[in-house]
Amino acid sequence: MSEKKPYYITTPIYYPSGNPHIGHCYTTLACDVVARLKRMQGYDVMFLTGLDEHGQKIEKKAEEAGITPQAYVDEIAAKFVKLWETMGITYDRFIRTTDSYHVESVQHIFEELYKKGYIYKSEYKGKYCTPCESFWTESQLVNGKCPDCGRDVTDASEEAYFFKLSEFAPRLEALLLDEEKNFLEPKSRVNEMINNFIKPGLQDLCVSRTSFKWGIPVTFDEGHIVYVWVDALSNYITALGYQNGTYNDFEKYWPADVHVMAKEIVRFHTLIWPAMLMALDLPLPKKVYGHGWITFSGGKMSKSSGNVIDPFVLVDRYGIDSIRYHLLREMPFGSDMPYTNEAMFNRINCDLANDLGNLVSRTVAMVDKYFAGTLLEEQQVIDSDEELLAMTDKLYDAVISDYETLHISDGLEKIFRVIARANKFIDENEPWKLAKDDSMKVRLSTVLYILLDTIRRCTILLSPVMPHIAPEIFEQIGACEKCTALEAANVRFELKKDITVKKGRVLFPRIDIEKEIAELEALSAGEKKEEDDGQPLEPLKENCVFDDFMKLDLRAGKVLSCEKVKKSDKLLCFQIDDGFGGRQILSGIAKYYEPEELVGKMIAFVANFPARKMMGLESNGMILSCKFGDGYKVVELDPNTKPGSDIG
Ligand code: MSP
Numbered sequence: 000m001s002e003k004k005p006y007y008i009t010t011p012i013y014y015p016s017g018n019p020h021i022g023h024c025y026t027t028l029a030c031d032v033v034a035r036l037k038r039m040q041g042y043d044v045m046f047l048t049g050l051d052e053h054g055q056k057i058e059k060k061a062e063e064a065g066i067t068p069q070a071y072v073d074e075i076a077a078k079f080v081k082l083w084e085t086m087g088i089t090y091d092r093f094i095r096t097t098d099s100y101h102v103e104s105v106q107h108i109f110e111e112l113y114k115k116g117y118i119y120k121s122e123y124k125g126k127y128c129t130p131c132e133s134f135w136t137e138s139q140l141v142n143g144k145c146p147d148c149g150r151d152v153t154d155a156s157e158e159a160y161f162f163k164l165s166e167f168a169p170r171l172e173a174l175l176l177d178e179e180k181n182f183l184e185p186k187s188r189v190n191e192m193i194n195n196f197i198k199p200g201l202q203d204l205c206v207s208r209t210s211f212k213w214g215i216p217v218t219f220d221e222g223h224i225v226y227v228w229v230d231a232l233s234n235y236i237t238a239l240g241y242q243n244g245t246y247n248d249f250e251k252y253w254p255a256d257v258h259v260m261a262k263e264i265v266r267f268h269t270l271i272w273p274a275m276l277m278a279l280d281l282p283l284p285k286k287v288y289g290h291g292w293i294t295f296s297g298g299k300m301s302k303s304s305g306n307v308i309d310p311f312v313l314v315d316r317y318g319i320d321s322i323r324y325h326l327l328r329e330m331p332f333g334s335d336m337p338y339t340n341e342a343m344f345n346r347i348n349c350d351l352a353n354d355l356g357n358l359v360s361r362t363v364a365m366v367d368k369y370f371a372g373t374l375l376e377e378q379q380v381i382d383s384d385e386e387l388l389a390m391t392d393k394l395y396d397a398v399i400s401d402y403e404t405l406h407i408s409d410g411l412e413k414i415f416r417v418i419a420r421a422n423k424f425i426d427e428n429e430p431w432k433l434a435k436d437d438s439m440k441v442r443l444s445t446v447l448y449i450l451l452d453t454i455r456r457c458t459i460l461l462s463p464v465m466p467h468i469a470p471e472i473f474e475q476i477g478a479c480e481k482c483t484a485l486e487a488a489n490v491r492f493e494l495k496k497d498i499t500v501k502k503g504r505v506l507f508p509r510i511d512i513e514k515e516i517a518e519l520e521a522l523s524a525g526e527k528k529e530e531d532d533g534q535p536l537e538p539l540k541e542n543c544v545f546d547d548f549m550k551l552d553l554r555a556g557k558v559l560s561c562e563k564v565k566k567s568d569k570l571l572c573f574q575i576d577d578g579f580g581g582r583q584i585l586s587g588i589a590k591y592y593e594p595e596e597l598v599g600k601m602i603a604f605v606a607n608f609p610a611r612k613m614m615g616l617e618s619n620g621m622i623l624s625c626k627f628g629d630g631y632k633v634v635e636l637d638p639n640t641k642p643g644s645d646i647g
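Note that numbering that gives the first Met the number 0 has the sequence shown beginning at 0, numbered continuously upward.
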């Protein structure tokens, strides 16, 4: 027997700096679809995912939580593993950059790059964004802020090692422009890499740090730790056993067939990573795909911006395959996908309940009703059947090619066009009329057979996306194992002619959209309330007299602008419309808000405290906030309140 061909696909390794969310799911789901397809095609698949556990941000978060960084990442790692199980992800290996084999490999890689002269020691000066762990040049900043997350950056300088990235610019440009290789898709990102990064001049890359501890130590220079991208990107080869004795898969699987990720880290994968591999004299990955973002009210839905929709809740309420289908169907290749639960409910109701679910249940019910569950051996195919049959014939090549090239949404759209055509086929042939005429029995059986066979072929192609529902559909239509193999999707009439169906449950119950939205809102309000639970309340204060209270001048104010105060991690600086020409107030709630979240809110403030200076800025009053979980939330008033209105 010939050896199976290897196929290696990877997701990024995610930061366990917060709980996993629906945004992380898209990349992993897309890879899962390709991995499942490749296994169906007979490949020996290595599907790698994992976590990028080092860095300053994790160190800080652990400190805030009062636990060690390792304990912190262990806890979140368990949640990622649970999420992938919940989503039906069939990864083959899960790497954590704190795994000792990875640490060992990265130390070797760093030493090797140093010995070869690609790493040198110097001084780093730059603009640094702590949440993104990224240094930026002045020209890359957007309005003086981090171009990825829009937050403030700080000047930073320290002794550090550098990787000679600049030396690779011509080879990287050639790689990106190589029409045959088609290294990076979608094509629009190629221009982005060349125009935004290569043309302005690639800078050497800072690859070590001394300012924090949570990372892999540089073996030959105490105090330095390997800085994020050399550590993180190496995972794709260390997980195969490169420079370690734990695994022995490097020869078999490297170079990777495809690295999949969202657009914001494409530059690391198409500039730094190939340059590192070139420096190590290793083959380059065959393909990098940079998809768009799932966005939430305009911005990227990320761990830091709150308002995250809990994937565990969604799967629990609407079913694993419905969520898989929705995310994969809704994300157009290369562009962003605004996420709303409403769009998901519509997809479930239209595509899954109305089109697919109904097609299966109507067809099976008619076979039951008109033929007691078993069709006739004899058939009568007529010319007008050809349109549906020919349309289904075209699916196999088209859908496989769409899946393989990560155009999963396009592939699904094609399948659902055939499903819609099949529903129309029922209406055109009017089986209920044929059933009234005994002479049309054979024709009626053929109509139902064509429908069952179309369902079979579509379901095979749907199965990488909906692997849990597919076997149920096969069972309902009576499909045998052989006729559900991938290649059988390319063959007409593989089902036995006198097939016996088996009625089953309703595959996709319809969702009452308004009711569900209300329930989800109630659920998330409940969750918010729970955050307060367990927090001891402040004891009540001693009585005070009414006159004392009346001395305070409490007013309503509208937040006109809000910014972080430089060099302070506590203070926010507000400009308030107070109804009397405006005032500036400082408030120590920076840890609980992104400043922009507060703009436009109607808040309550004490208007008659004497002015006070903090961090060189004057504060004229105090914004009222209420304890909320571990932090505070500002007291919000009706947004239509007139600024300056008296509170009392
Ligand atoms: N640790 C780095 C990656 C190192 S890879 C060698 C990192 N981690 S991350 O946790 O921020 O993950 C980013 C990736 O998560 C994105 O590139 C994408 O694959 C996925 N997504 C996270 N949020 C997402 C959306 N809102 N939308 C789509 N994908 C997103 O960067």
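Glycine residues also receive a C-beta, built at the ideal position from the N, C-alpha and C atoms. All values reported here derive from a predicted model rather than from experimental measurement.
Margin query: Could you compute how far the alpha carbon of D280 sits from the alpha carbon of E74?
Written below: Residue mapping note: residue 280 aligns to position 281 of the sequence shown, counting from 1. Residue mapping note: residue 74 aligns to position 75 of the sequence shown, counting from 1. D280 and E74: Cα-Cα distance of roughly 37 angstroms.
Notebook entry, point to check: Would the beta-carbon of T26 fall within 8 angstroms of that of P11?
Noted result: As a working note, residue 26 is residue 27 in the sequence shown. As a working note, residue 11 is residue 12 in the sequence shown. It is a contact, given that the beta carbons lie within the stated cut-off.
Checklist line | As assigned by DSSP and simplified to three states, the class of T97 | finding: By 1-based counting over the sequence shown, the position of residue 97 is 98. Note: T97 maps to coil in three-state DSSP.
Note to self: So the candidates are Y631, L176, L447; which of them puts its Cα closest to the Cα of E429?
What the structure shows: If you number the sequence shown from 1, residue 429 lands on position 430. Comparing Cα positions, the closest option is L447.
Check: Once you ignore the five residues that flank G578 on each side, which residues in its own chain have a CB closer than 6 angstroms to its CB?
Finding: Taking the first residue of the sequence shown as position 1, residue 578 is located at position 579. So the list reads P642, G643, once near-sequence residues are dropped.
Notebook entry, point to check: So, helix, strand or coil for M275, using DSSP?
Noted result: Indexing the sequence shown from 1 puts residue 275 at position 276. M275: helix per DSSP, three-state reduction.
Item checked: Neighbourhood of R170 by C-beta, 7 angstroms cutoff - its chain only, sequence neighbours within 5 removed -> Here residue 170 refers to the residue found at position 171 when the sequence shown is read from its first residue. Around R170: M277.
Item checked: Helix, strand or coil at F249 [DSSP, three-state] -> In the sequence shown, residue 249 corresponds to position 250, counting from 1. F249 falls in the helix class under three-state DSSP.
Check: What are the boundary residues of the alpha helix (DSSP H) that includes F573?
Finding: Here residue 573 corresponds to residue number 574 of the sequence shown, with the count starting at 1. First-last for F573: 571-576, but that is the beta strand (DSSP E), not the alpha helix (DSSP H).
Next item on the list: Take N353 and list the residues in its own chain whose beta-carbon comes closer than 6 angstroms to its own, dropping the five residues that flank it on each side.
Entry: Indexing the sequence shown from 1 puts residue 353 at position 354. Here the set comprises nothing.
Check: Buried or exposed: which applies to K37, given that a residue is buried once 16 or more other Cβ atoms fall within 10 Å of its Cβ?
Finding: Position 38 of the sequence shown, counted from the start, is the residue given in the question as residue 37. With 16 or more Cβ atoms within 10 Å of its Cβ, K37 is classed as buried.
Notebook entry, point to check: What's the gap between the Cα of T237 and the Cα of W228?
Noted result: Taking the first residue of the sequence shown as 1, we reach residue 237 at position 238. Taking the first residue of the sequence shown as 1, we reach residue 228 at position 229. Rounded to whole angstroms, T237 to W228 spans 14 angstroms at the Cα level.
Next item on the list: Go ahead and pull the three-state DSSP assignment for M300.
Entry: Your numbering for residue 300 matches position 301 in the sequence shown. The predicted position of M300 is uncertain, since its pLDDT is 49 and thus under 50; a value taken from the coordinates is nonetheless stated next. Coil at M300, not helix or strand.
Notebook entry, point to check: Under the DSSP definition of a beta bridge, which residues are partnered with F604?
Noted result: As a first step, residue 604 is located in the sequence shown; it is residue number 605 there, counting from the start. R554, I622, per the DSSP bridge assignment.
Next item on the list: Have a look at T136 and C128 and give me their C-alpha separation to the nearest angstrom.
Entry: Residue numbering aside, residue 136 sits at position 137 when the sequence shown is read from its first letter. Residue numbering aside, residue 128 sits at position 129 when the sequence shown is read from its first letter. When rounded, the distance between both Cα atoms is 11 angstroms.
Check: Does ligand 1 have a heavy atom nearer than 7 angstroms to the CB of G143?
Finding: Residue mapping note: residue 143 aligns to position 144 of the sequence shown, counting from 1. Incorrect: G143 has no Cβ contact closer than 7 angstroms to ligand 1.
Checklist line | C-alpha gap between C479 and P470, whole angstroms | finding: Against the sequence shown, residue 479 aligns to sequence position 480. Against the sequence shown, residue 470 aligns to sequence position 471. Their backbone Cα atoms lie some 10 angstroms apart in a straight line.
Check: Count the other CB atoms within 10 Å of the CB of T483; is the residue buried (16 or more) or exposed (fewer)?
Finding: The sequence position of residue 483 within the sequence shown is 484, counting from 1. T483 is buried by the Cβ-count criterion.
Notebook entry, point to check: Does DSSP classify L405 as helix, strand or coil?
Noted result: Stepping through the sequence shown from its first residue, residue 405 is reached at position 406. Coil, per DSSP.
Checklist line | Within 8 angstroms, strictly: CB atoms of L585 and S624 | finding: On the sequence shown, residue 585 is found 586 positions in, with the first residue counted as 1. On the sequence shown, residue 624 is found 625 positions in, with the first residue counted as 1. Against a cut-off of 8 angstroms, the Cβ pair of S624 and L585 comes out as no contact.
Checklist line | Buried versus exposed, by CB contacts within 10 Å (16 or more), D145 | finding: Here the question's residue 145 lines up with position 146 in the sequence shown. Residue identity differs from the one stated: residue 145 is Cys in this sequence, not Asp. Flag for C145 reads buried.
Next item on the list: For D392, name the three-state secondary structure that DSSP assigns.
Entry: Reading the sequence shown from its first residue, position 393 is the one you call residue 392. Reduced to three states, the DSSP call for D392 is helix.
Next item on the list: Using only alpha-carbon positions, find the residue among G372, L551, H467 that is nearest to I88.
Entry: Locating residue 88 in the sequence shown gives position 89, counting from the first residue. The shortest Cα separation from I88 among G372, L551, H467 belongs to H467.
Check: By DSSP, does I88 sit in helix, in strand, or in coil?
Finding: Here residue 88 corresponds to residue number 89 of the sequence shown, with the count starting at 1. I88 falls in the coil class under three-state DSSP.
Note to self: I'd like the list of long-range same chain contacts for E530, defined as Cβ closer than 6 angstroms, with 5 residues on each side in sequence excluded.
What the structure shows: The residue you call residue 530 lines up with position 531 of the sequence shown. Low confidence applies to E530: its pLDDT is 46, below 50, so where it sits in the model is not reliable enough to give any reading.
Checklist line | Segment limits, beta strand (DSSP E) that includes M45 | finding: As a working mapping, residue 45 is identified with position 46 in the sequence shown. Note, M45: beta strand (DSSP E), 43-50.
Note to self: Can you determine whether any heavy atom of ligand 3 sits closer than 7 angstroms to the C-beta of N234, and answer yes or no?
What the structure shows: Looking for ligand 3 in the displayed structure turns up nothing; the ligands present are ligand 1.
Next item on the list: Starting from the Cα of L183, find the closest Cα among F267, I193, K286 and give me that residue.
Entry: Walking along the sequence shown from the start, residue 183 turns up at place 184. Nearest of F267, I193, K286 to L183, Cα basis: K286.
Checklist line | beta strand (DSSP E) segment containing L585, residue limits | finding: Along the sequence shown, read from residue 1 onward, the residue named residue 585 stands at position 586. Its beta strand (DSSP E) spans residues 582-586.
Checklist line | 8 angstroms CB neighbourhood of I197 in its chain, flanking five on each side removed | finding: Start at 1 with the first residue of the sequence shown, and residue 197 comes out as number 198. If we look at I197 and ignore the five residues flanking it on each side, its Cβ neighbours are A168, L171, E172, L175, L270.
Margin query: By alpha-carbon positions, which one of A29, K496, A610, Y631 ends up nearest to G291?
Written below: On the sequence shown, position 292 is the one that residue 291 refers to. It is A29 whose Cα lies nearest to the Cα of G291.
Check: Since L571 and P594 are thought to touch, with beta carbons under 8 angstroms apart, how far apart are those beta carbons, to the nearest angstrom?
Finding: What you label residue 571 is simply residue 572 of the sequence shown in a count that begins at 1. What you label residue 594 is simply residue 595 of the sequence shown in a count that begins at 1. So it is a contact: roughly 6 angstroms between Cβ atoms.
Next item on the list: Would you tell me roughly how many angstroms separate the C-alpha atoms of S233 and I293, rounded to the nearest one?
Entry: Here residue 233 refers to the residue found at position 234 when the sequence shown is read from its first residue. Here residue 293 refers to the residue found at position 294 when the sequence shown is read from its first residue. Roughly 26 angstroms separates the two Cα atoms.
Checklist line | Exposed unless 16 or more other CB atoms sit within 10 angstroms - verdict on S156 | finding: Numbered from its first residue, the sequence shown carries residue 156 at position 157. By the 10 Å Cβ count, S156 comes out exposed.
Check: Which term fits Q55, buried or exposed, when burial requires 16 or more other beta carbons within 10 angstroms of its beta carbon?
Finding: Reading the sequence shown from its first residue, position 56 is the one you call residue 55. Result: buried.
Margin query: Quick check on the burial criterion: 16 or more other C-beta atoms within 10 angstroms. Buried or exposed for D401?
Written below: Against the sequence shown, residue 401 aligns to sequence position 402. Result: buried.
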